[in-house]
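So the sequence lines, in the order shown, correspond to chains L and P.
Take 101 as the starting number for the first sequence in the numbering used here and just add one per residue.
Take 101 as the starting number for the second sequence in the numbering used here and just add one per residue.
Ideal Cβ positions, reconstructed from N, Cα and C, are used throughout, including at glycine.
There are 2 protein chains.
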Amino acid sequence: MTAIGEALQQAGGADTPHADTPHADTPHADTPHADAERVMRIGEVAALTGTTPRTIRYYEEIGLLSGGDTRVLGKHRCYSQAEVDRVHEIVRLKELLGLSLEQLSQLLEAETARAEIRRELHATDDPGRQRELLLQSEGHIANQLTLVRGRLAELAKLEADLSERARRVRLRLEELGA
Amino acid sequence: MTAIGEALQQAGGADTPHADTPHADTPHADTPHADAERVMRIGEVAALTGTTPRTIRYYEEIGLLSGGDTRVLGKHRCYSQAEVDRVHEIVRLKELLGLSLEQLSQLLEAETARAEIRRELHATDDPGRQRELLLQSEGHIANQLTLVRGRLAELAKLEADLSERARRVRLRLEELGA
DNA sequence: ATTGTTCCTTACGTGAACGTCAGCTTAGCA
DNA sequence: TGCTAAGCTGACGTTCACGTAAGGAACAAT
């Protein structure tokens with residue numbers, strides 16, 4: 101496939117990038133309430149997010165992922181659905197906005213804080229503290245929105261330019277046909 | 101400035117990235133019709149496009165820029181406004197779509213062909229040939245549009261997600277305030 | 001207990017996209 | 001004609017974002 105082909109396909113997504121674990125995830129739920137907070141290992145997370153274990157470890161290395169605070173060195177990393185979500189978010193923002201991982205780690209300060217905030221929101225009864233946390237959240241999201249909307253505007257302008265070009269070419273073709 | 105700051109500013113553009121040529125472009129038009137097809141050298145092009153001479157040479161090296169077909173080796177490269185436009189286009193697509201330069205060179209086949217097409221369109225009187233050229237142009241633009249619109253859709257979805265999140269946080273804040 | 005698969009850490013390798021330095025030539029000007 | 005700023009051609013260095021390989025430990029199943 102050509103490079104442009106890849107670029108065009110890039111919008112589709114949802115492919116099967118590599119087969120790491122051959123037999124799929126255990127279909128029969130052996131343990132009760134298994135789906136809610138299943139503990140996953142790195143290979144599964146990688147497969148679910150369309151990345152590789154190496155990538156996940158790298159993201160941990162540079163501080164994008166926590167990588168199991170309480171994990172004993174030398175033992176397996178274990179992840180929950182929350183980490184999967186985060187990796188998905190990382191990939192999405194990275195591809196869509198073309199940000200470097202350093203920029204992302206700053207932007208994702210929002211997400212990092214969100215987990216913390218959710219925990220603390222449920223833990224505290226102090227309305228003042230809750231207010232503070234929510235305001236922080238709002239600020240982070242606003243940051244992301246600013247970035248995304250800026251990109252949207254630029255892309256819209258590009259689209260307009262291209263449409264205009266296409267229109268002109270069509271006009272000339274009609275002239276020619278007439 | 102923080103990385104996120106840069107990312108947020110990235111939408112603004114139009115900064116002065118570096119001062120290469122101290123005294124600006126000769127303000128007095130010595131030669132007549134100077135602005136139409138001024139011949140520029142690499143430093144000026146770099147300054148105008150917010151890049152560096154090295155970058156321009158690199159783009160030439162990998163085939164993204166022609167770099168003066170008729171240029172004698174060892175002599176200075178010279179550029180016209182067309183090259184400046186092309187570099188601008190490259191930078192724009194690269195940043196906005198996050199494409200690799202190889203992908204870009206495929207996508208920009210359109211632009212490459214356009215110059216050719218414009219020349220040939222004026223050179224030939226054969227309507228059949230003209231039709232063919234215009235159809236080619238149309239195809240290339242359509243390719244670009246597909247790519248851009250795909251991105252636009254993805255970004256719009258992201259924006260919607262973020263807005264939804266922001267809405268929820270605001271709701272909780274109102275609850276709290278009430 | 002053995003075995004096969006997945007994972008661990010460490011460390012070196014890689015491709016893209018330039019940056020940077022050296023040594024020399026060209027172009028504009030005084 | 002001489003000077004200086006800008007450009008030229010190698011060629012090596014660098015950062016990012018991982019890939020890959022080696023040697024060993026951990027888990028699941030038998």
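Roughly how many angstroms separate the alpha carbons of residue i and residue j, rounded to a whole number?
i, j, result
"P/ARG268", "L/TYR159", "29 angstroms"
"P/GLN203", "P/ALA256", "23 angstroms"
"L/GLU238", "L/VAL139", "30 angstroms"
"L/HIS176", "L/THR152", "15 angstroms"
"L/ALA253", "L/HIS240", "20 angstroms"
"P/ASN243", "L/ILE162", "37 angstroms"
"L/THR126", "L/ALA266", "Because L/THR126 carries a pLDDT of 37, less than 50, the predicted location of this residue cannot be relied on, and the following value inherits that uncertainty. Their backbone Cα atoms lie some 51 angstroms apart in a straight line."
"P/ALA260", "L/LEU262", "25 angstroms"
"P/GLY277", "L/PRO227", "9 angstroms"
"L/GLN230", "L/ARG214", "12 angstroms"
"L/ARG154", "P/HIS222", "55 angstroms"
"P/GLU216", "P/ASP225", "15 angstroms"
"P/ASP130", "P/GLU209", "Low confidence applies to P/ASP130: its pLDDT is 39, below 50, so where it sits in the model is not reliable, and the reading given next is rough at best. Their Cα atoms are separated by approximately 36 angstroms."
"L/ARG141", "L/GLU220", "27 angstroms"
"P/VAL172", "L/GLY143", "56 angstroms"
"L/ARG218", "L/THR170", "19 angstroms"
"P/PRO132", "P/GLY174", "Legend: pLDDT at P/PRO132 = 41, less than 50; position of this residue unreliable, value from coordinates given subsequently. Straight-line Cα distance between these residues: approximately 29 angstroms."
"P/HIS128", "P/GLY150", "Here the model assigns P/HIS128 a pLDDT of 39, short of 50, so the residue's position is not dependable and the matter cannot be decided."
Thinking just about the alpha-carbon of each residue, which of the options is nearest to the one in residue i?
i, options, result
"P/VAL145", "P/LYS175, P/GLU183, P/GLU161", "P/GLU183"
"L/SER166", "L/ARG186, L/ASP225, L/ARG219", "L/ARG186"
"L/TYR179", "L/GLU211, L/GLU137, L/ASP261, L/LEU262", "L/GLU137"
"L/THR264", "P/GLU264, P/LEU201, P/LEU245", "The question names Thr, but residue 264 of chain L is Glu in the sequence shown. Of the candidates P/GLU264, P/LEU201, P/LEU245, the one whose C-alpha sits nearest the C-alpha of L/GLU264 is P/LEU245."
"L/ILE156", "L/ARG218, L/GLU216, L/LEU201", "L/LEU201"
"L/LEU164", "L/LEU207, L/ARG141, L/GLN181, L/GLY143", "L/LEU207"
"L/ALA181", "L/ARG219, L/LEU148, L/ILE217", "With the sequence shown as reference, residue 181 of chain L is identified as Gln, and Ala is not the correct amino acid for it. Of the listed residues, the one whose Cα sits closest to L/GLN181 is L/LEU148."
"L/SER205", "L/LEU193, L/GLU216, L/ARG218", "L/LEU193"
First and last residue of the alpha helix (DSSP H) that includes residue i?
i, result
"L/THR149", "142–149"
"P/SER237", "227–277"
"P/THR152", "Note, P/THR152: premise wrong, no alpha helix (DSSP H); not H, not E."
"L/LYS194", "181–197"
"P/GLU202", "201–207"
Quick one: measure Cβ to Cβ for residue i and residue j, integer angstroms, because I've assumed they're closer than 8 angstroms.
i, j, result
"L/VAL191", "P/LEU258", "Wrong, their Cβ atoms sit about 12 angstroms apart, outside the cutoff."
"L/GLU211", "L/GLU189", "6 angstroms"
"P/GLY198", "L/GLY198", "3 angstroms"
Check whether the Cβ of residue i lies closer than 7 angstroms to any heavy atom of the ligand PLP, and answer yes or no.
i, result
"P/LEU193", "Judged by which ligands are present, the structure shown has none, so any question about the ligand PLP falls away."
Do the segment 262–277 of chain P and the segment 228–237 of chain L make contact, defined as three or more Cβ pairs closer than 8 angstroms? yes
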